[in-house]
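Student: Protein chains in written order, with my numbering: chain A, 2 to 351; chain B, 2 to 351; chain C, 2 to 351; chain D, 2 to 351.
Number of protein chains: 4
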Amino acid sequence: MKRISVAVLAATGMVGQRYASMLSTHPYFDLIEVTGQSSAGKRYGEAAWTGLPLSDKVRNLKVKPTEPSALSANLVFSPLPTDVAQTLEPKLAKAGFKVITDASPHRMEPDVPLMIPEVNPEHLALVELQRKKRHWDGFLVATPNCTAAGLALLLKPLHDSFRLKRVIVSTMQAVSGAGYPGVPSLDIIDNVIPYIKDEEDKVESEPRKILGSFAGSRIDSAKFQVSAMVHRVATTDGHLESIYVETEERFVPEKVEKAFRDFRAEPQKLKLPTAPKQPIIVSSAPDRPQPKLDRNAGSVPGMSVVVGRIRKGLDDRSGRMTFLSHNTVRGAAGSTILTAELMFRKGLLS
Amino acid sequence: MKRISVAVLAATGMVGQRYASMLSTHPYFDLIEVTGQSSAGKRYGEAAWTGLPLSDKVRNLKVKPTEPSALSANLVFSPLPTDVAQTLEPKLAKAGFKVITDASPHRMEPDVPLMIPEVNPEHLALVELQRKKRHWDGFLVATPNCTAAGLALLLKPLHDSFRLKRVIVSTMQAVSGAGYPGVPSLDIIDNVIPYIKDEEDKVESEPRKILGSFAGSRIDSAKFQVSAMVHRVATTDGHLESIYVETEERFVPEKVEKAFRDFRAEPQKLKLPTAPKQPIIVSSAPDRPQPKLDRNAGSVPGMSVVVGRIRKGLDDRSGRMTFLSHNTVRGAAGSTILTAELMFRKGLLS
Amino acid sequence: MKRISVAVLAATGMVGQRYASMLSTHPYFDLIEVTGQSSAGKRYGEAAWTGLPLSDKVRNLKVKPTEPSALSANLVFSPLPTDVAQTLEPKLAKAGFKVITDASPHRMEPDVPLMIPEVNPEHLALVELQRKKRHWDGFLVATPNCTAAGLALLLKPLHDSFRLKRVIVSTMQAVSGAGYPGVPSLDIIDNVIPYIKDEEDKVESEPRKILGSFAGSRIDSAKFQVSAMVHRVATTDGHLESIYVETEERFVPEKVEKAFRDFRAEPQKLKLPTAPKQPIIVSSAPDRPQPKLDRNAGSVPGMSVVVGRIRKGLDDRSGRMTFLSHNTVRGAAGSTILTAELMFRKGLLS
Amino acid sequence: MKRISVAVLAATGMVGQRYASMLSTHPYFDLIEVTGQSSAGKRYGEAAWTGLPLSDKVRNLKVKPTEPSALSANLVFSPLPTDVAQTLEPKLAKAGFKVITDASPHRMEPDVPLMIPEVNPEHLALVELQRKKRHWDGFLVATPNCTAAGLALLLKPLHDSFRLKRVIVSTMQAVSGAGYPGVPSLDIIDNVIPYIKDEEDKVESEPRKILGSFAGSRIDSAKFQVSAMVHRVATTDGHLESIYVETEERFVPEKVEKAFRDFRAEPQKLKLPTAPKQPIIVSSAPDRPQPKLDRNAGSVPGMSVVVGRIRKGLDDRSGRMTFLSHNTVRGAAGSTILTAELMFRKGLLS
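The structure is reproduced here in structure tokens:
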């Protein structure tokens with residue numbers, strides 16, 4: 002199997018380093034280029050600072066400037082900052098690059114698939130429509146917001162089996178979600194901040210697109226409603242969420258647990274390298290999941306989400322649960338790489 | 002005005018020290034006795050360790066054992082541990098002591114008033130019924146759970162003006178709520194724990210009793226439902242809560258804000274020493290309240306609760322808000338002292 | 002007594018807000034101007050964010066740009082960033098402003114007094130020399146680095162009574178010392194950073210100037226040596242230091258304690274408003290001082306330093322102790338205001 | 002090679018779980034027994050709570066009570082609490098068990114080797130003397146205090162090449178060093194505690210025994226002096242230390258670095274399974290080591306110590322450095338297992 006050459010943009014940022022580490026040795030992808038702003042020209046091993054493991058080859062890559070002319074890779078992973086992504090990503094796609102992005106600007110555009118490979122693999126068919134419509138040689142595929150990504154995965158079997166009406170979620174999010182330097186320590190020591198700019202909008206809209214139905218030419222958003230109240234807490238990695246749902250079917254905790262445990266999807270069937278064997282792990286402990294103990298759960302660390310404290314709500318058609326997903330793995334680099342793997346196996350990258 | 006002699010039980014615990022500090026100089030109450038377990042015999046100033054300010058007189062009190070025979074005060078404040086409170090408090094009340102307690106065992110007993118002085122001053126009439134029924138010379142009055150106490154205060158004007166149907170609350174609670182030694186640091190550094198033993202039951206039941214109507218002989222619980230999901234976070238003081246409510250009336254944020262801002266009650270009218278001028282402070286900042294910045298809000302530090310981010314919910318008859326109350330002041334010692342002040346002024350302590 | 006009009010530069014920074022709070026009501030000084038960068042034009046009450054108490058008058062000041070032409074106050078407090086202070090402060094002094102600064106660029110210049118009022122009040126005589134030499138109408142007086150400030154105060158009675166030879170100090174410094182936004186939370190949660198740019202140089206050199214002797218025309222540095230190893234830890238306020246000293250006289254812990262306890266200086270004699278009654282508080286507890294419990298020690302909160310665990314060292318002429326000082330009060334705004342008070346009373350501000 | 006059966010006492014404690022994880026698959030040792038107090042009777046997988054990886058076999062062990070009669074293993078690892086270890090360990094050794102302990106009570110007894118395998122492998126000869134003198138079938142070998150263990154390793158090449166005279170150390174220790182529940186979160190959030198019971202004595206005495214010379218019948222302590230000032234900070238794992246040394250030879254940083262880098266010892270020569278390839282890693286970054294980034298350094302995670310910021314001291318024969326070692330790996334379970342591996346290869350376990 003011939004590997005495909007890939008680049009990671011903004012590779013010296015926090016999510017960028019997660020990519021570089023996960024791609025250090027990869028059976029489908031050959032990481033040949035990393036880009037950065039202030040560190041262009043340095044060896045990547047010197048520019049990286051998170052301590053995540055890197056192969057010697059990746060460590061020795063020279064950081065390039067983030068410019069289309071500097072790139073030769075076939076596939077480009079983009080955890081670019083919002084403002085840069087806004088204009089640069091379409092430019093890259095137009096220039097023929099296959100771009101999969103964690104950035105937010107293009108996620109809700111109707112012809113951009115917003116992917117969680119276990120949830121909506123069929124949305125990838127949008128790519129062909131996008132290319133035609135935009136006259137692009139390349140394409141643009143998006144990964145959801147770090148909170149929405151994990152949430153959409155959890156909601157998939159719930160919606161399939163119990164039909165969601167409302168989802169009321171309160172989050173406790175890790176500081177790594179704000180990138181680096183991100184949250185000042187003075188703001189978060191002995192504190193909680195009940196606000197993250199633009200985050201609630203994303204959590205309320207993106208899952209509905211991801212779980213939407215693809216009718217051949219466009220995505221019809223799922224009908225349920227989401228209310229999000231987001232909070233930043235003093236954890237490094239792992240977004241914790243308390244979730245209250247209203248469903249059309251009766252919410253029977255044992256049945257819900259079973260739906261979660263039994264959930265498998267195309268990435269598992271294809272045994273994609275970054276696909277966890279069990280996407281949703283159910284904990285029966287009364288005090289789990291916890292960010293420190295559970296964020297690296299799963300056969301591919303950080304790619305499984307963990308749910309616990311599954312209980313009935315205030316009536317028979319509502320329920321409650323506590324939920325954790327790793328924000329820079331399942332919520333960013335990991336899901337994006339999984340999307341790329343799925344596209345690779347479906348022949349969409351050649 | 003003659004001051005009444007008071008005792009603080011378990012005075013060397015965390016809430017106990019809060020009492021001792023707030024009672025160090027008090028116009029109605031003269032703190033003459035403090036009790037403790039392992040520190041009996043020591044000077045109180047040596048046994049206390051939180052650094053809260055104490056008067057020299059209080060500092061020099063000798064710690065007594067927690068036994069009825071050791072006590073001579075008229076009024077007894079009891080932040081005793083649950084198991085001790087269970088049996089000791091009725092014994093004290095029977096022996097003629099007037100007892101106001103933060104402990105949980107007797108809160109939900111039908112003839113025990115569960116007090117937030119701004120919310121249900123009329124429930125104090127239960128005291129007379131209790132004494133008759135139980136043939137007690139003293140009495141037992143209770144303060145709610147530290148989370149329920151602040152919440153009930155917030156819900157009062159909301160219920161009065163908009164008629165609550167459902168309250169869905171997700172909490173982020175400070176470690177001081179677990180007392181001392183309480184939460185091990187290994188459990189909470191870089192972590193959130195989505196579980197506090199028995200806490201959710203209390204938060205779901207107590208506010209309904211507090212906001213219940215007193216029909217002359219018994220309290221009829223308020224009809225709304227509460228769902229609580231509780232979490233321990235790495236803050237020292239101040240419980241933060243994200244709240245989603247469903248109301249019978251239309252939830253108009255401006256009207257809700259006004260109802261909060263305008264709320265005044267009997268403690269304010271009587272200008273009780275521990276009554277904050279404004280019980281509910283509304284913040285219009287997009288990122289407030291925050292535990293570190295707002296826990297000592299109010300003209301009496303820690304006695305005002307703070308609410309912000311008041312927004313509409315998923316339909317016209319629902320809303321959302323972020324809420325903070327100081328768990329050891331408004332949620333314990335402060336509310337109890339305020340209850341005592343109200344009883345003093347109503348002649349119920351003589 | 003006529004009050005003197007004062008301005009605070011960079012008043013929206015962390016130390017700037019400390020000034021504004023401490024000057025909100027002051028018997029000698031009338032705060033009439035605050036300056037800021039991005040917030041120029043706003044009401045100060047809106048630009049401030051630390052939650053420190055402010056008078057209504059100060060809250061209503063309009064933030065001015067940080068430019069000489071915008072200022073009319075007689076005395077200027079300057080917690081400017083290093084690079085701005087470098088050129089702006091001499092310009093202000095030349096233009097006739099009396100400037101007292103927390104910034105570092107001019108601290109070690111031979112004709113700039115580096116003041117801790119309890120330690121070297123006689124150094125203020127340099128001001129007259131400075132004015133003559135530089136042909137300035139105003140002047141420039143400096144406050145030491147936040148770590149050096151507290152340390153110099155502690156070392157004063159030690160050097161006077163026991164003659165210091167060497168001071169080996171290892172610090173554990175609060176994140177507020179880095180200003181705002183300062184230390185990223187990702188760097189400090191579950192971590193210690195053994196490095197603060199340029200800090201060790203300052204801690205090693207400044208105390209020697211402060212404790213130097215003033216021979217009429219210049220300061221001769223004190224002869225002892227200082228070794229500093231500095232660390233950033235996850236505390237908000239209060240720098241903790243472990244100190245090992247070598248002395249010419251025998252180090253007798255009881256005598257050292259007595260020297261600390263008995264230490265009083267000119268600010269105490271003059272009863273300056275910001276002077277703590279006891280500059281150095283000695284704790285006899287085995288586990289004190291602690292940042293959380295002791296940073297606000299003293300009759301003027303944060304102006305007293307606290308020392309504990311005073312023990313002999315590896316021989317008779319060495320000793321050890323643990324030391325705490327509040328880095329933004331005693332280490333910045335508080336000491337600077339105290340210097341201004343001393344100058345006011347000595348007639349140096351008129 | 003026949004594996005030796007081993008037991009871990011107090012296996013449900015924090016260090017105990019570290020043992021169980023490191024012994025889950027081991028080429029020399031077969032973990033057949035785990036003991037615990039309150040969890041006796043449970044499956045070990047249920048009693049363990051740190052989330053460290055465990056083999057299925059270990060997970061399925063039934064927890065036994067901590068009693069000699071319950072044990073059948075040849076070799077016993079003992080991270081028992083001090084008071085239990087005091088009497089139980091000699092009893093076990095007398096009963097024929099080979100005991101290697103992390104507990105403190107017997108460390109300084111003259112015939113008990115206090116082992117860091119890279120430092121003093123020759124001290125193991127004491128075992129034979131011990132057995133004769135005490136008429137024991139088994140034996141007792143000790144691992145140093147968690148801070149002293151790493152420090153002794155670092156000092157070995159320094160003492161060999163530069164002859165130590167004095168070591169002045171200030172520590173910043175992780176909360177895991179206090180076991181579980183250990184340090185209350187209320188004590189450590191936004192705080193540093195400058196005290197750990199009995200710790201300074203251990204850090205001052207144990208390295209001198211470990212680096213002592215073995216003259217055939219007894220250990221003569223090394224002649225240098227140690228001053229220790231210890232502090233607890235809000236980190237989970239990894240003790241950081243700032244170290245000032247005085248040496249008889251000139252302290253030349255480049256030579257010191259080389260001595261550290263080149264240091265190898267018997268465990269490396271024998272390629273023991275738990276021996277890191279490079280025991281002492283030198284960092285040249287200006288801000289390293291840091292607990293979060295460096296605690297798992299080395300080819301066997303946590304078994305290498307990391308030193309950085311190596312600089313001259315106040316004269317030519319003194320120096321400074323910042324040092325990190327993993328307190329529950331190199332400072333406890335890891336060093337003990339390494340000692341056992343060395344004894345196994347020397348035939349001392351058969």
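Glycine is no exception: its CB is placed at the ideal position from the N, C-alpha and C atoms. Predicted model only: the values in this text are computed from it and were never measured.
Let me see if you follow: with CB-CB separation under 8 Å, is I33(C) close to chain D or not?
Tutor: As a first step, residue 33(C) must be located in the third sequence, where it is residue number 32. Answer no: the Cβ-Cβ gap between I33(C) and chain D never drops below 8 Å.
Student: Taking buried to mean at least 16 other C-beta atoms within 10 Å of its own C-beta, is A2(B) buried or exposed?
Tutor: The residue you call residue 2(B) lines up with position 1 of the second sequence. Strictly speaking, residue 2(B) in this sequence is Met, with Ala absent from that position. Classification for M2(B): exposed.
Student: At what residues does the alpha helix (DSSP H) containing Y45(D) begin and finish?
Tutor: Within the fourth sequence, the letter at position 44 stands for residue 45(D). Here the alpha helix (DSSP H) through Y45(D) covers Y45 to A48.
Student: Starting from the N-terminal side, write out each stretch of the alpha helix (DSSP H) that is 4 residues or longer and does not extend beyond the stretch 127–215 of chain A.
Tutor: The stretch 127–215 of chain A contains these whole alpha helix (DSSP H) runs: 127–135, 147–163, 186–189 and 200–211.
Student: Output yes if chain B places a C-beta closer than 8 Å to the C-beta of T88(D); else output no.
Tutor: Counting from one through the fourth sequence, the residue named residue 88(D) turns up at place 87. No, because no Cβ of chain B sits closer than 8 Å to the Cβ of T88(D).
Student: Report all residues from its chain with a CB closer than 7 Å to the CB of M15(B); omit the five preceding and five following residues, and keep chain order.
Tutor: The residue labelled residue 15(B) in the question sits at position 14 within the second sequence. Once the five neighbours on either side are set aside, the close Cβ partners of M15(B) are T51, S177, G180, Y181 and T329.
Student: Using the rule of at least 16 other Cβ atoms within 10 Å of the residue's Cβ for burial, across every protein chain shown, is P195(B) buried or exposed?
Tutor: Residue numbering aside, residue 195(B) sits at position 194 when the second sequence is read from its first letter. Answer is buried; the Cβ neighbour count reaches 16.
Student: Would you say G294(A) reaches chain D, if we count a Cβ-Cβ gap shorter than 8 Å as a contact?
Tutor: Numbered from its first residue, the first sequence carries residue 294(A) at position 293. Reading the sequence as shown, one finds Leu at residue 294(A) and not Gly. By this cut-off, L294(A) is an interface position.
Student: By DSSP, does D31(B) sit in helix, in strand, or in coil?
Tutor: Residue 31(B) sits at position 30 when you count from the first residue of the second sequence. Correct three-state label for D31(B): strand.
Student: Comparing C-alpha positions only, which one of H327(A), Y29(A), R310(A) and E267(A) sits nearest to K293(A)?
Tutor: Within the first sequence, residue 293(A) is the residue found at index 292, counting from 1. Comparing Cα positions, the closest option is H327(A).
Student: Cα separation between P185(B) and I117(A)?
Tutor: The sequence position of residue 185(B) within the second sequence is 184, counting from 1. The sequence position of residue 117(A) within the first sequence is 116, counting from 1. Distance between the alpha carbons of P185(B) and I117(A): 37 Å.
Student: Of the choices V227(C), S105(C) and P208(C), whose alpha-carbon is the least far from that of D221(C)?
Tutor: Against the third sequence, residue 221(C) aligns to sequence position 220. When each option's Cα is compared against that of D221(C), the closest is P208(C).
Student: So T88(C) is in the beta strand (DSSP E); what residue range does that whole segment cover?
Tutor: Taking the first residue of the third sequence as 1, we reach residue 88(C) at position 87. Not the beta strand (DSSP E): T88(C) falls in the alpha helix (DSSP H), residues T83 to K95.
Student: I think D138(B) touches L127(B), with their Cβ atoms under 8 Å apart; what is that distance to the nearest whole Å?
Tutor: Within the second sequence, numbered from 1, the residue matching residue 138(B) stands at position 137. Within the second sequence, numbered from 1, the residue matching residue 127(B) stands at position 126. About 16 Å separates the two Cβ atoms, so there is no contact after all.
Student: Locate the alpha helix (DSSP H) running through I338(A), then write down its first and last residues.
Tutor: In the first sequence, counting from the first residue as 1, residue 338(A) sits at position 337. Residues G335 to R346.
Student: So M173(A) contacts chain B; which residues on that side make the cut at Cβ distance below 8 Å?
Tutor: On the first sequence, residue 173(A) is found 172 positions in, with the first residue counted as 1. Correct list: M173, V193, H232 and V234.
Student: Any beta carbon of chain B sitting closer than 8 Å to that of I190(C)?
Tutor: Along the third sequence, one-based indexing puts residue 190(C) at 189. By this cut-off, I190(C) is an interface position.
Student: Once you ignore the five residues that flank E342(D) on each side, which residues in its own chain have a CB closer than 7 Å to its CB?
Tutor: Numbered from its first residue, the fourth sequence carries residue 342(D) at position 341. So the qualifying residues of the chain are Y29, L273, P274 and T275.
Student: Residues in the same chain with beta-carbon distance under 7 Å from Q87(C), minus the five sequence neighbours each way, listed in chain order, please.
Tutor: By one-based count along the third sequence, residue 87(C) stands at place 86. So the list reads P106, once near-sequence residues are dropped.
Student: If the criterion is Cβ atoms closer than 8 Å, does the pair F324(B) and V301(B) meet it?
Tutor: Along the second sequence, one-based indexing puts residue 324(B) at 323. Along the second sequence, one-based indexing puts residue 301(B) at 300. Not in contact: F324(B) and V301(B) (Cβ atoms no closer than 8 Å).
Student: Should T340(D) be labelled buried (16 or more other beta-carbon atoms within 10 Å of its own) or exposed?
Tutor: Reading the fourth sequence from its first residue, position 339 is the one you call residue 340(D). Buried, because 16 or more other Cβ atoms sit within 10 Å of the Cβ of T340(D).
Student: List the residues of chain B whose Cβ lies closer than 7 Å to the Cβ of G52(C), in chain order.
Tutor: Residue mapping note: residue 52(C) aligns to position 51 of the third sequence, counting from 1. Chain B residues near G52(C): L294.
Student: Check the C-beta distance from V100(D) over to E90(D) and give it rounded, since I have them as a contact under 8 Å.
Tutor: The sequence position of residue 100(D) within the fourth sequence is 99, counting from 1. The sequence position of residue 90(D) within the fourth sequence is 89, counting from 1. Yes, V100(D) and E90(D) are in contact; Cβ-Cβ is about 6 Å, under 8 Å.
Student: Can you give me the start and stop residues for the beta strand (DSSP E) that V234(B) sits inside?
Tutor: Translated into positions along the second sequence, residue 234(B) becomes position 233. Segment: none, V234(B) is in no beta strand (DSSP E) and carries neither H nor E.
Student: CB A417(D) to CB I211(D), shorter than 8 Å?
Tutor: Because chain D here runs from 2 to 351, residue 417(D) falls outside it and cannot be looked at.
Student: Compute the Euclidean distance between the alpha carbons of E357(D) and S162(D), then round it to the nearest angstrom.
Tutor: Since the first residue of chain D shown is 2 and the last is 351, residue 357(D) is not available in this structure.
Student: For L368(A), decide whether its Cβ has a neighbour in chain C, counting only Cβ atoms nearer than 8 Å.
Tutor: As displayed, chain A neither begins before 2 nor continues past 351, which places residue 368(A) out of reach and without an answer.
Student: Quick check on DSSP: helix, strand or coil for F261(B)?
Tutor: Sequence index remark: in the second sequence, residue 261(B) carries index 260 (1-based). The answer is helix: DSSP assigns F261(B) an H, G or I state.
Student: Whole angstroms are fine: how far does the CA of G183(A) sit from the CA of L187(C)?
Tutor: Working through the third sequence from its first residue, we reach residue 187(C) at position 186. Working through the first sequence from its first residue, we reach residue 183(A) at position 182. Roughly 8 Å between the two C-alpha positions.
Student: Is T340(A) close to the ligand NAP? I mean its beta-carbon at under 7 Å from any heavy atom of the ligand.
Tutor: Judged by which ligands are present, the structure shown has none, so any question about the ligand NAP falls away.
Student: So, helix, strand or coil for M304(D), using DSSP?
Tutor: In the fourth sequence, residue 304(D) corresponds to position 303, counting from 1. It is coil, neither helix nor strand.
Student: Just the chain A side, please: which residues come within less than 9 Å of Y181(C) by C-beta, in chain order?
Tutor: Along the third sequence, read from residue 1 onward, the residue named residue 181(C) stands at position 180. Those within 9 Å of Y181(C) in chain A are P185, L187 and D188.
Student: Under the assumption that H160(B) contacts A223(B) (Cβ atoms under 8 Å), give the Cβ distance between them as a whole number of angstroms.
Tutor: The residue you call residue 160(B) lines up with position 159 of the second sequence. The residue you call residue 223(B) lines up with position 222 of the second sequence. Their Cβ separation, rounded to whole angstroms, is 7 Å, which keeps H160(B) and A223(B) in contact under 8 Å.
Student: In its own chain, which residues sit with a C-beta less than 8 Å from the C-beta of S319(D), not counting the 5 before and 5 after it?
Tutor: Translated into the one-based positions of the fourth sequence, residue 319(D) becomes position 318. Cβ within range, chain order: Y245, V246, E247, T248, F252 and K313.
Student: Measure the CB-CB distance between A149(A) and P80(A) and report whether it falls below 8 Å.
Tutor: As a position in the first sequence, residue 149(A) is number 148, starting the count at 1. As a position in the first sequence, residue 80(A) is number 79, starting the count at 1. Not closer than 8 Å, so no.
Student: Can you tell me whether A71(C) is buried or exposed, with buried defined as 16 or more other CB within 10 angstroms of its CB?
Tutor: Taking the first residue of the third sequence as 1, we reach residue 71(C) at position 70. Answer is exposed; the Cβ neighbour count stays below 16.
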